[in-house]
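Q:
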Amino acid sequence: MDLIDRQFGIHATALQLRAQRLTLLASNIANAATPGYKARDLDFRAALDGAADAVKYRVPLQNSLDGNTVELSTEQTQFAENVVQYRTTLAFLNGRISTMMAAIKGGE
7 MDLIDRQFGI HATALQLRAQ RLTLLASNIA NAATPGYKAR DLDFRAALDG
57 AADAVKYRVP LQNSLDGNTV ELSTEQTQFA ENVVQYRTTL AFLNGRISTM
107 MAAIKGGE
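Each residue of the sequence shown is one higher than the last, beginning at 7 in the working numbering.
#1: Do you know offhand how far N34's Cα is from Q13's?
#2: Roughly how many whole angstroms lie between the Cα atoms of Q68 and A18?
#3: Hey, could you find the ends of the beta strand (DSSP E) L48 is sitting in?
#4: Going by alpha carbons, who is nearest to A36 out of S104, A53 and T75?
#5: With a floor of 4 residues, list each alpha helix (DSSP H) that falls wholly inside the region 43-99, ordered by position along the chain.
#6: Let's test the definition: count the other Cβ atoms within 10 Å of the Cβ of N100 and tell me whether it reaches 16, buried, or not, exposed.
#7: Rounded C-beta distance between R24 and N88? I'm assuming under 8 angstroms.
#8: Determine the burial state of T29: buried for a count of at least 16 other Cβ atoms within 10 Å of its Cβ, exposed for fewer.
#9: When DSSP labels each residue in this structure, what does N37 get in the three-state scheme?
#10: Can you tell me the Cβ-Cβ gap for A60 and D49, rounded? I've got them flagged as a contact below 8 angstroms.
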């Protein structure tokens, strides 16, 4: 276990995965009107466990005539929820860094 893992635990990896998920969801939203576009999402738990196939195609609630599987309301909701989770993880990491910096400065 390296120093980063000991200090930040799973949160450093979680932040990277949340950023990757934001990219996927933003791509889905950007391609909402692209015929044949297949919405993708990150299975966060599978990715955290190291699964290679953590990115999956989203199954739409209703099929579209042009083959696009993006459901804008679903993508926007997932994006907003992931932003909150990203910010929460980032706040935790910032707290850990602040604590470490205080400990370093206190030792001078």
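Don't be surprised by glycine CBs; every beta carbon is placed ideally from N, CA and C.
A: For this structure:
#1: 34 angstroms
#2: 36 angstroms
#3: R46 to L48
#4: T75
#5: 50-54
#6: exposed
#7: 6 angstroms
#8: exposed
#9: coil
#10: 5 angstroms
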